[in-house]
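Working notes, structure below.
Chains as they are written, first to last, in this note's numbering: chain A, 17 to 131; chain B, 8 to 120.
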């Protein structure tokens, strides 16, 4: 079946640094990708919708200048957490829509810990 | 707004036990309902779905019925196996699944031999 590779699976960084998370569709083209995050004991919350070749659409309350999303190709979207702070520590997960059949596939997630 | 309330875990059961994970929702319009499963180290996978009231989704021995009158979509399995150990997410969308999803908190299920 279709696979979405998300990397890294976990990352620890110092406060003030930036962290990039990659989401790749390995065997299909994805015109649309979604980024979610989950804080402990809370729901997976949609952060933004990423469309190839255009600017991402952010959900209300998500800072676009802090969470930079780039979807420069049909197989890759990146989320960069800029100037990370401890409150950004969370589980981030991406999903991708297969352009040929509209099916949705998820990555395995990235656990970010900011010290 | 839309929301999904899911039974809190973790849930631990013995092999061959009966499983129920409760899920209720609030939504504007007529949502589609989903259960996703995440096995250790893997991405979320669609387990089953239902797109209209009274539909029953089923897969791998799991079932869930879309109950509009109780706004529920409880997940059930008659006899669980160790391999069912995973995190289960209830979700809804106002489309058919490739639009924005609203998730519950997830329920971690552990099956012991």
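The beta carbon of each residue, even a glycine, is placed where N, CA and C say it ideally should be.
Since the structure is predicted, the reported quantities are computational estimates derived from the model, not experimental observations.
Assign residue 106(B) to one of three DSSP states: helix, strand, or coil.
-> The residue given as residue 106(B) occupies position 99 in the second chain. Residue 106(B) falls in the coil class under three-state DSSP.
Does DSSP classify residue 87(B) as helix, strand or coil?
-> Taking the first residue of the second chain as position 1, residue 87(B) is located at position 80. Correct three-state label for residue 87(B): coil.
Under 8 Å between C-beta atoms of residue 119(B) and residue 19(B) | By one-based count along the second chain, residue 119(B) stands at place 112. By one-based count along the second chain, residue 19(B) stands at place 12. Yes, the Cβ-Cβ distance between residue 119(B) and residue 19(B) is below 8 Å.
Run through DSSP, which three-state label would residue 114(A) get?
-> For the purposes of this step, residue 114(A) is identified with residue 98 of the first chain, where counting begins at 1. In this structure, residue 114(A) counts as strand in the three-state DSSP scheme.
Interface partners of residue 96(B) on chain A, CB under 9 Å | The count along the second chain starts at 1 and reaches residue 96(B) at position 89. The contacting residues are 59 and 60.
At least three beta-carbon pairs within less than 8 Å, the stretch 106 to 125 of chain A to the stretch 52 to 63 of chain A = Touching, yes.
Looking at the unbroken beta strand (DSSP E) that takes in residue 40(A), where does it start and where does it end?
-> For this step, residue 40(A) is matched to residue 24 along the first chain. Its beta strand (DSSP E) spans residues 35 to 41.
Given residue 19(A) as reference, the closest of 130(A), 91(A) and 100(A) once Cα atoms are compared | Along the first chain, one-based indexing puts residue 19(A) at 3. Among 130(A), 91(A) and 100(A), the Cα nearest to that of residue 19(A) is on 91(A).
So, do the stretch 40 to 50 of chain A and the stretch 111 to 121 of chain A have three or more beta carbon pairs nearer to each other than 8 Å?
-> yes
Through-space distance from residue 42(B) to residue 15(B), alpha-carbon basis | Within the second chain, residue 15(B) is the residue found at index 8, counting from 1. Within the second chain, residue 42(B) is the residue found at index 35, counting from 1. Rounded to the nearest angstrom, the two C-alpha atoms are 15 Å apart.
List the DSSP bridge partners of residue 71(B).
-> Indexing the second chain from 1 puts residue 71(B) at position 64. Secondary-structure assignment with DSSP links residue 71(B) through a beta bridge to 64(B).
Closer than 8 Å, CB to CB, is residue 80(B) near chain A or not?
-> Position 73 of the second chain, counting from 1, holds the residue named residue 80(B). It does not: the Cβ of residue 80(B) has no partner Cβ on chain A nearer than 8 Å.
For residue 20(A), the residue or residues it bridges with in DSSP = To locate residue 20(A), count along the first chain from 1; it is residue 4. Paired residues: 41(A).
Tell me which same chain residues have a C-beta within less than 8 Å of the C-beta of residue 117(B), skipping the five on either side of it?
-> By one-based count along the second chain, residue 117(B) stands at place 110. The answer, listed in chain order, is 17, 18, 19, 20 and 92.
Return the chain-ordered list of same chain residues with a C-beta closer than 8 Å to the C-beta of residue 42(A), the five sequence neighbours on each side being excluded.
-> The sequence position of residue 42(A) within the first chain is 26, counting from 1. Only 18, 19, 20, 21 and 91 meet the Cβ criterion.
Short CB-CB distance (under 8 Å) between residue 33(B) and chain A | Residue 33(B) sits at position 26 when you count from the first residue of the second chain. For residue 33(B), the answer is no, since every Cβ of chain A falls outside 8 Å of its Cβ.
For residue 57(B), the nearest candidate out of 79(B), 94(B), 10(B) and 89(B) (CA to CA) = Working through the second chain from its first residue, we reach residue 57(B) at position 50. Measuring from the Cα of residue 57(B), the nearest candidate turns out to be 79(B).
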